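Protein sequence lines, in the order shown, are assigned to chains G and F.
Here our numbering is used: the first residue of the first sequence is 168, the next is one more, and so on.
Here our numbering is used: the first residue of the second sequence is 168, the next is one more, and so on.
2 protein chains.
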Amino acid sequence: MEKKSTENYIYGKNPIYECLLKNPKRINKIFIQNGVFFDNRLKKIYNLACENKINIQKTSFKKFDDIFEHDLNLQGVVASVSPVEYTNIEDFLKTEKDGYKKIVILDGISDPHNFGAIIRTAAAAGFDAVMISNHRSVSVTPLVEKISSGAVNHIPIIKTSSLSASIDLLKKNDFWVIATQMEAKQNYYEIDYTDMNFAVVMGSEGSGISKTILNKADFTIKLESNFESLNVSAAAAVILYEALRQIRIKSPL
Amino acid sequence: MEKKSTENYIYGKNPIYECLLKNPKRINKIFIQNGVFFDNRLKKIYNLACENKINIQKTSFKKFDDIFEHDLNLQGVVASVSPVEYTNIEDFLKTEKDGYKKIVILDGISDPHNFGAIIRTAAAAGFDAVMISNHRSVSVTPLVEKISSGAVNHIPIIKTSSLSASIDLLKKNDFWVIATQMEAKQNYYEIDYTDMNFAVVMGSEGSGISKTILNKADFTIKLESNFESLNVSAAAAVILYEALRQIRIKSPL
């Protein structure tokens with residue numbers, strides 16, 4: 168029960184600010200801790216909430232002790248929200264875009280820190296979506312929203328019951344699939360990312376990308392590492408920004 | 168008192184394995200949780216400990232409840248260790264190396280997750296050291312060791328009482344200083360990293376790099392971001408791997 172109820176709260180200044188900016192309809196009510204210092208970020212939250220006619224309640228945060236773990240830094244602000252709305256693959260493919268689309272697919276990544284970090288990086292690098300599977304991955308929990316710094320409101324999260332079927336659909340729709348794999352022959356920077364719709368697939372650090380999905384890949388790429396493998400969110404940052412670098416060199420901002 | 172005592176323990180399979188491999192003398196004793204499953208990693212730890220004549224004790228992990236927070240995942244193995252030995256800048260400059268040296272300098276980064284992640288990425292990208300300041304940054308705590316996945320045993324951590332003075336010393340020793348700054352004109356990929364000793368300076372997400380240090384920089388570089396700024400450890404991964412990419416294109420492995 169306890170776990171379920173946390174699904175309806177987000178916390179921290181950035182996640183709530185970004186949600187107010189991009190997705191105010193998700194927010195039912197905002198709780199501000201008694202006596203908290205109103206810095207610029209909190210003032211902006213307050214004003215945006217007023218503009219959107221969202222109820223603000225000043226309160227002792229003791230009520231949240233049972234819901235959140237004590238050591239979480241709530242930063243004096245909590246919002247009661249409806250969950251992030253996931254996109255489905257068919258709707259994503261229908262959205263129009265000038266130029267090529269690029270997405271990230273997460274296969275079996277269960278750590279909320281990595282998931283949140285990759286969402287934030289994908290939004291920063293201008294990617295069009297992050298795709299996860301229904302059963303092998305995590306959902307967008309409050310911790311994921313916090314780690315993503317609210318980026319979950321900026322970039323669509325595609326949830327699918329079958330990564331494999333969705334990848335087939337992407338391929339039918341002119342997407343190229345790029346899988347990261349330690350044993351790959353090509354380096355991640357030896358691919359031309361500028362001339363295609365593409366999906367970069369990242370696997371979990373423990374078990375990598377599943378075989379079924381690897382078999383569907385048009386390219387496999389690797390990253391050099393002098394010490395174990397890179398952390399998966401660091402690897403994602405390197406690859407996504409290499410794609411963006413190539414795109415910018417071809418067509419500067 | 169409680170906090171001090173945790174400084175002498177590290178936990179988790181990777182940090183302990185890497186410490187045994189590279190720095191076994193740091194380890195006084197290894198504690199293995201009663202009834203824990205001996206997977207390959209734990210077997211390797213056991214064997215390496217025996218080879219190095221390190222005392223292993225099977226025990227209930229209740230004794231660690233007061234030392235570690237309950238929600239930490241100790242993975243069934245804890246080691247009592249002497250702290251990581253920091254390097255000083257003079258000794259680092261004396262070490263000989265074929266080719267150019269490259270280091271990362273952290274100015275005011277206090278989050279242990281970011282610090283640990285950057286150490287891991289720097290080791291993976293083949294950097295020669297990570298430099299931190301005595302007073303504005305974090306130390307290598309057990310959490311940092313865990314997040315770094317044990318990379319603290321692979322790459323020297325230079326600790327200095329004055330980042331500013333140490334940067335002067337680096338410059339006198341033929342290092343070029345590259346500072347990351349949102350307002351910079353050059354993109355991070357527009358610099359040639361292949362032809363010099365260099366230090367990449369990363370600032371905290373809140374306040375960036377201090378002015379004194381910015382004034383000493385030979386280059387300032389930026390990263391494009393479509394959503395706020397990148398997380399600092401993601402930004403570090405992008406820059407460090409761009410340097411490595413350029414180096415590999417010039418001299419492949």
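Every residue, glycine too, gets a C-beta built ideally from N, C-alpha and C.
Computed from a predicted model, the values in this text were never measured in an experiment.
Between the CA atoms of residue j and residue i - distance to the nearest angstrom
i, j, result
"I194/F", "N320/F", "12 Å"
"A290/G", "N214/G", "25 Å"
"Y408/G", "A384/G", "20 Å"
"K170/F", "L260/F", "Summary for K170/F: the model assigns pLDDT 42, below 50, so the residue's position carries little reliability, and this model does not support an answer."
"R412/F", "A216/G", "46 Å"
"K339/F", "S333/F", "10 Å"
"F282/F", "I276/F", "7 Å"
"S249/G", "K229/G", "22 Å"
"S371/F", "A296/F", "19 Å"
"I380/F", "V344/G", "43 Å"
"V305/F", "P279/F", "7 Å"
"N188/F", "E395/G", "Reading off the sequence shown, one finds Leu at residue 188/F, where the question assumed Asn. Approximately 13 Å, taken between the alpha carbons."
"D359/F", "T387/F", "13 Å"
"P419/G", "P191/G", "33 Å"
"P309/F", "S300/F", "18 Å"
"L209/G", "A318/G", "18 Å"
"S392/G", "N222/F", "32 Å"
Chain F within 8 Å of residue i, Cβ atoms only
i, result
"G293/G", "yes"
"E257/G", "no"
"A404/G", "yes"
"Y267/G", "no"
"L239/G", "no"
"L310/G", "no"
Segment limits, beta strand (DSSP E) that includes residue i
i, result
"G370/F", "364 to 370"
"I270/F", "269 to 274"
"V248/F", "244 to 248"
Residue i vs residue j beta-carbon contact at 8 Å
i, j, result
"Y355/G", "I286/G", "no"
"N181/G", "S316/G", "yes"
"F235/G", "Y178/G", "yes"
"I322/F", "T361/F", "no"
"L330/G", "D274/G", "yes"
CB contact below 8 Å: residue i versus chain G
i, result
"A410/F", "no"
"R287/F", "yes"
"A290/F", "yes"
"R415/F", "yes"
Residue range of the alpha helix (DSSP H) that includes residue i
i, result
"L397/F", "Careful: L397/F lies outside any alpha helix (DSSP H) and carries neither H nor E."
"F259/G", "256 to 261"
"T288/F", "279 to 291"
"A332/F", "330 to 339"
Cβ shell of residue i (< 6 Å), same chain only, five flanking positions each side left out
i, result
"F198/F", "Q224, T226, V245"
"K313/F", "G179, P182"
"N219/F", "P191"
"G243/F", "Q200, V203"
"K196/F", "N222, S247"
"S328/G", "N301"
Cβ-heavy atom distance, residue i to the ligand GDP, below 7 Å
i, result
"G317/G", "For the ligand GDP, the structure offers nothing, since it holds no ligand at all."
Contacts around residue i, its chain only, beta-carbon distance under 8 Å, and the 5 residues preceding and following it disregarded
i, result
"A366/G", "K269, I270, V271, I272, M298, I334, L337, F342, W343, V344, I345"
"L397/G", "L390, V405"
"I325/G", "Y253, T254, N255, I256, F259, I270, A296, V297, M298, I299, S333"
"T347/F", "Y355, V367, V368, M369, G370, I376, T387, I388, K389, L390, A402, I406"
7 Å CB neighbourhood of residue i in its chain, flanking five on each side removed
i, result
"E357/F", "none"
"M363/F", "Y267, W343"
CB contact check: residue i to chain A, cutoff 8 Å
i, result
"L397/F", "The chain inventory of the structure shown lacks chain A, comprising the protein chains G and F."
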